[in-house]
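Peer 1: Before I ask anything, here is the structure I am working with.
2 protein chains.
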Amino acid sequence: MIDVCLLGTGGMMPLPYRWLTSLMLRYNGRSILLDCGEGTQIAMKKKGWSPNPIDVMLFTHYHADHISGLPGMLLSMGNSERTEPVLMVGPKGLERVVSALRVIAAELPFEIQYKELTEAEETFDLPGDKDFHITAFRVNHRVTCYGYSFVLDRAGKFDAGRAQALNIPVRCWNQLQRGEAVTRGIAAAAAQGRNGKGKEQTPVSMQEIYLPEGASENEILWTPEDVMGPARKGLKLTYCTDSRPTESIVRNAEGADLFICEGMYGEEDKEGKAREKKHMTFLEAAEIGRKAQPGQMWLTHYSPSEMHPENYIPAAQKVFPRLYPGKDGKTTVLNFTEEDS
Amino acid sequence: MIDVCLLGTGGMMPLPYRWLTSLMLRYNGRSILLDCGEGTQIAMKKKGWSPNPIDVMLFTHYHADHISGLPGMLLSMGNSERTEPVLMVGPKGLERVVSALRVIAAELPFEIQYKELTEAEETFDLPGDKDFHITAFRVNHRVTCYGYSFVLDRAGKFDAGRAQALNIPVRCWNQLQRGEAVTRGIAAAAAQGRNGKGKEQTPVSMQEIYLPEGASENEILWTPEDVMGPARKGLKLTYCTDSRPTESIVRNAEGADLFICEGMYGEEDKEGKAREKKHMTFLEAAEIGRKAQPGQMWLTHYSPSEMHPENYIPAAQKVFPRLYPGKDGKTTVLNFTEEDS
Numbered sequence: 034m035i036d037v038c039l040l041g042t043g044g045m046m047p048l049p050y051r052w053l054t055s056l057m058l059r060y061n062g063r064s065i066l067l068d069c070g071e072g073t074q075i076a077m078k079k080k081g082w083s084p085n086p087i088d089v090m091l092f093t094h095y096h097a098d099h100i101s102g103l104p105g106m107l108l109s110m111g112n113s114e115r116t117e118p119v120l121m122v123g124p125k126g127l128e129r130v131v132s133a134l135r136v137i138a139a140e141l142p143f144e145i146q147y148k149e150l151t152e153a154e155e156t157f158d159l160p161g162d163k164d165f166h167i168t169a170f171r172v173n174h175r176v177t178c179y180g181y182s183f184v185l186d187r188a189g190k191f192d193a194g195r196a197q198a199l200n201i202p203v204r205c206w207n208q209l210q211r212g213e214a215v216t217r218g219i220a221a222a223a224a225q226g227r228n229g230k231g232k233e234q235t236p237v238s239m240q241e242i243y244l245p246e247g248a249s250e251n252e253i254l255w256t257p258e259d260v261m262g263p264a265r266k267g268l269k270l271t272y273c274t275d276s277r278p279t280e281s282i283v284r285n286a287e288g289a290d291l292f293i294c295e296g297m298y299g300e301e302d303k304e305g306k307a308r309e310k311k312h313m314t315f316l317e318a319a320e321i322g323r324k325a326q327p328g329q330m331w332l333t334h335y336s337p338s339e340m341h342p343e344n345y346i347p348a349a350q351k352v353f354p355r356l357y358p359g360k361d362g363k364t365t366v367l368n369f370t371e372e373d374s
Numbered sequence: 034m035i036d037v038c039l040l041g042t043g044g045m046m047p048l049p050y051r052w053l054t055s056l057m058l059r060y061n062g063r064s065i066l067l068d069c070g071e072g073t074q075i076a077m078k079k080k081g082w083s084p085n086p087i088d089v090m091l092f093t094h095y096h097a098d099h100i101s102g103l104p105g106m107l108l109s110m111g112n113s114e115r116t117e118p119v120l121m122v123g124p125k126g127l128e129r130v131v132s133a134l135r136v137i138a139a140e141l142p143f144e145i146q147y148k149e150l151t152e153a154e155e156t157f158d159l160p161g162d163k164d165f166h167i168t169a170f171r172v173n174h175r176v177t178c179y180g181y182s183f184v185l186d187r188a189g190k191f192d193a194g195r196a197q198a199l200n201i202p203v204r205c206w207n208q209l210q211r212g213e214a215v216t217r218g219i220a221a222a223a224a225q226g227r228n229g230k231g232k233e234q235t236p237v238s239m240q241e242i243y244l245p246e247g248a249s250e251n252e253i254l255w256t257p258e259d260v261m262g263p264a265r266k267g268l269k270l271t272y273c274t275d276s277r278p279t280e281s282i283v284r285n286a287e288g289a290d291l292f293i294c295e296g297m298y299g300e301e302d303k304e305g306k307a308r309e310k311k312h313m314t315f316l317e318a319a320e321i322g323r324k325a326q327p328g329q330m331w332l333t334h335y336s337p338s339e340m341h342p343e344n345y346i347p348a349a350q351k352v353f354p355r356l357y358p359g360k361d362g363k364t365t366v367l368n369f370t371e372e373d374s
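Sequences listed follow chains R and Y, in order. Taken in order, the first sequence gives residues 34 to 374; the numbers are from this note's numbering. Taken in order, the second sequence gives residues 34 to 374; the numbers are from this note's numbering.
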């Protein structure tokens, strides 16, 4: 499950009725923030989500409307007494830009770690989380800019009948479900009581079954493959702003349950302006949706001149019907499909 | 006349229902902004005032809640095609801090000029405006911090009877009212027609009266003192945040028509916390009001924990009755007193 909130939908400058484009994801107790323009921390508070558990901040690029809210956000995180490090990810120059902005946010009670993107496409995991994968892919803006895809894996279905047939202690099932192998030593401890501190069984029977004399404690008895079915469809979310349409966006948005994409201008006749400013019209974004076929697609990063983006949605939906207008605070929960839960 | 708008009243961090403390002044087509935290440009748009004509930005100090909105504000000023230079005033370090923040606002179509404050108290005028005086005075915060007073002079009353008695051409009256002397050359041109291009009079009579043969065009005929009464009471506004109470604040707020002062905490028992954080309670601020006796006083820079500042106003009004709670967007017009207009 991934909680998704599009905190704002504006481009260029914050408006009284529209926060700057920013996305927040929450899963497994982690929070991830994508872009942080002026006012993002206010939008987050308005939503009722906290900046404190943000582990990772990703930046598409360093135009002010995507990073100007960073000093205030960092100070608010500090004021909420966060001490865990924060990982920042963004194009080359990240540490230089963040360090400059920190002239007004020098004292923080937590460490900032940097990952600067250098390749056209990079996939990486977050520390201590092998089920969640982030892919950064370069897009086409006036400065170096990246889109991001997030994939949350889903393990295969656990086969309890098979586990019983293999005589695996119930206390070891969870470990196998988590994707970890079970050794003789672990099995013996589990049979004797969790970590050997539970109710004692007769040492003889335990040793006979799981740890006979001369056997190694480290020998692997069962692996997840013994009891887990094939991996099931996970969840995927793709986020891209600011860019002209590119093949890399289409390819990375393929298979996404939710694809959030910039749409700077609603009017068809603004394609020239979109081309000049290295942005997209709604129709150009819809065309990416038509090619990539995500589960659904939200537009965001509207021009300040675009007072009523919803007026231009019907035309874009003719190109890709599952396209919807992003709105400030628009929220959804991406759930694993029910049928095989 | 000075238009005054307290754009926000928050301290420390912006909240969904409270912008960060910032003040905007408008007079004679000029705009002045004091402090510019995250979201100030949104508060300004909400008020319907434009960032484009801001000539001067003054900073009390460089904690993020007083300057984090600067990069976005500068970009919005640039987007509105401003080309005139902007003067920035603040404590030592101003150029270093602004230059660092401009890592995300590098390209601007206008020049930034800097005036760094070094004295405990400095009075200066704005270029081309000898009637408006700004005094910066050092206060007492965790970092170097200044308060500001603004004085708009008011000339004496024009004596039309005296001008007629002196035989001054009506076309020269405005020049004298503006505080400028009138020379023989100007008087002759005025009598002949504005800039010599108006309806012609007989050159002989004009020369006889104002520019007889052998006289110098540059000889001063009349000075403002000939026709203007003594200077009348002008307007004064004083702004001070963040600080402990100081004698300098009292002295500088004396005679102010409006005194805007920080009040971080409403609760009396937070005086210890105020002392520690180098802020003030409402009662401490009210005590400054009682001593300085401004026309009226507004509190601002409330702690984020202060949900209902208005609850603590009655107690503060017992100390200084003309004290009122600042509110986001609170506006007034300081007018010259009517009786001698």
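The C-beta atom is built at its ideal place from N, Cα and C for all residues, glycine as well. Note that this is a predicted model, so its numbers are computed, not measured.
Beta-carbon of L134 of chain R versus every beta-carbon of chain Y: anything under 8 Å?
Peer 2: yes
Peer 1: Can you tell which of R:Q210, R:N173, R:E301, R:E114 has its C-alpha closest to the C-alpha of P278 of chain R?
Peer 2: R:N173
Peer 1: Around the C-beta of G305 of chain Y, are 16 or more other C-beta atoms found within 10 angstroms, so that it is buried, or is it exposed?
Peer 2: Its Cβ having fewer than 16 others within 10 Å, G305 of chain Y is exposed.
Peer 1: Would you check whether the ligand NAP has a heavy atom nearer than 7 Å to the C-beta of E280 of chain R?
Peer 2: Inclusion of the ligand NAP in the displayed structure is not the case, the ligand content being empty and no account of it being possible.
Peer 1: Enumerate, from N- to C-terminal direction, the unbroken alpha helix (DSSP H) stretches of 4 or more residues contained entirely within the region 173-253 of chain R.
Peer 2: 193-198, 206-210, 217-225, 236-243
Peer 1: Pop quiz: A221 of chain R and Y243 of chain R are said to be a contact at Cβ under 8 Å. What is the actual Cβ separation, rounded to whole angstroms?
Peer 2: 4 Å
Peer 1: Leaving aside the five residues before and after G231 of chain R along the sequence, list all residues of the same chain whose C-beta is less than 8 Å from its C-beta, in chain order.
Peer 2: Only weak support is given to the placement of G231 of chain R: the predicted model assigns it a pLDDT of 46, under 50, and the value that follows is read from those uncertain coordinates. So the list reads Q225, once near-sequence residues are dropped.
Peer 1: Comparing alpha-carbon positions, which option in R:D158, R:G180, R:P86 lies nearest S281 of chain R?
Peer 2: R:G180
Peer 1: Give the C-beta separation of G43 of chain R and T54 of chain R to the nearest angstrom, bearing in mind that I take them to be a contact with Cβ-Cβ under 8 Å.
Peer 2: 6 Å
Peer 1: Tell me whether M313 of chain Y sits in a helix, a strand or coil according to DSSP, three-state version.
Peer 2: coil
Peer 1: Please identify, using Cβ separations under 9 Å, the residues of the region 88-100 of chain Y that lie next to chain R, in order along the chain.
Peer 2: Y95, H96, A97, D98, H99, I100
Peer 1: Among Y:V352, Y:A325, Y:D275, which has the Cα closest to the Cα of L67 of chain Y?
Peer 2: Y:D275
Peer 1: Quick one: which chain Y residues come within Cβ less than 7 Å of A138 of chain R?
Peer 2: A97
Peer 1: Quick one: which chain Y residues come within Cβ less than 7 Å of N85 of chain R?
Peer 2: Correct list: empty, because the minimum Cβ distance to chain Y is about 13 Å.
Peer 1: Taking all protein chains shown into account, do 16 or more other C-beta atoms lie within 10 angstroms of the C-beta of M340 of chain Y, making it buried, or fewer, making it exposed?
Peer 2: exposed
Peer 1: Please classify L199 of chain R as buried or exposed, where buried requires at least 16 neighbouring CB atoms within 10 angstroms.
Peer 2: exposed
Peer 1: Name the residues in the region 106-136 of chain R whose C-beta lies less than 8 Å from a C-beta of chain Y; which are they?
Peer 2: L108, S109, N112, R129, V130, A133, L134, V136
Peer 1: Between D361 of chain R and G41 of chain R, which are expected to be in contact by the criterion C-beta below 8 Å, what is the C-beta distance as a whole number of angstroms?
Peer 2: 5 Å
Peer 1: Rounded to the nearest angstrom, what separates E71 of chain R and A349 of chain Y at their Cα positions?
Peer 2: 35 Å
Peer 1: How would you call I253 of chain Y, buried or exposed, if buried means at least 16 neighbouring beta carbons within 10 angstroms?
Peer 2: exposed
Peer 1: In the DSSP assignment, what are the bridge partners of R265 of chain Y?
Peer 2: Y:R187
Peer 1: If contacts are defined as beta-carbon pairs under 8 Å, then V184 of chain Y and K269 of chain Y qualify, I think. What distance do you get, rounded to the angstrom?
Peer 2: 5 Å
Peer 1: Just mark R51 of chain Y as buried or exposed, buried being the case when its beta carbon has 16 or more other beta carbons within 10 Å.
Peer 2: buried
Peer 1: Please report the distance separating the alpha-carbon of F292 of chain Y from that of S182 of chain Y.
Peer 2: One Cα belongs to F292 of chain Y, the other to S182 of chain Y, and the distance between them is close to 9 Å.
Peer 1: What are the uninterrupted segments assigned as alpha helix (DSSP H) that are 4 or more residues long and contained completely in the region 118-166 of chain R, given in chain order?
Peer 2: 127-134
Peer 1: Should M57 of chain R be flagged as near chain Y, meaning a C-beta pair shorter than 8 Å?
Peer 2: no
Peer 1: If the criterion is Cβ atoms closer than 8 Å, does the pair S109 of chain R and M46 of chain Y meet it?
Peer 2: S109 of chain R is a Cβ neighbour of M46 of chain Y, given a cutoff of 8 Å.
Peer 1: Using a C-beta to C-beta distance shorter than 9 Å, which residues of chain R count as neighbours of G218 of chain Y?
Peer 2: None at all; the shortest Cβ gap to chain R is about 51 Å.
Peer 1: State the CB to CB distance for the pair Y95 of chain R and V176 of chain R, rounded to an integer number of angstroms; the pair is presumed to be in contact (CB under 8 Å).
Peer 2: 7 Å
Peer 1: Compare the C-alpha of F315 of chain Y against each of Y:P342, Y:E155, Y:L159 and name the closest.
Peer 2: Y:P342
Peer 1: What residue range does the beta strand (DSSP E) around I293 of chain Y cover?
Peer 2: 291-295
Peer 1: Less than 7 Å between C-beta atoms, sequence neighbours within five positions excluded: which residues of the same chain meet that for L48 of chain Y?
Peer 2: P337
Peer 1: Is the distance from the Cβ of N119 of chain Y to the Cβ of I100 of chain Y below 8 Å?
Peer 2: The question names Asn, yet the displayed sequence has Val at residue 119 of chain Y. Going by C-beta atoms, V119 of chain Y is not nearer than 8 Å to I100 of chain Y.
Peer 1: Look at the Cβ atom of A289 of chain Y, then the Cβ atom of G262 of chain Y, and state whether they are nearer than 8 Å.
Peer 2: no
Peer 1: For the alpha helix (DSSP H) that contains S109 of chain Y, what are its first and last residues?
Peer 2: 103-112
Peer 1: In whole angstroms, what is the alpha-carbon distance linking Y335 of chain Y and H312 of chain Y?
Peer 2: 10 Å
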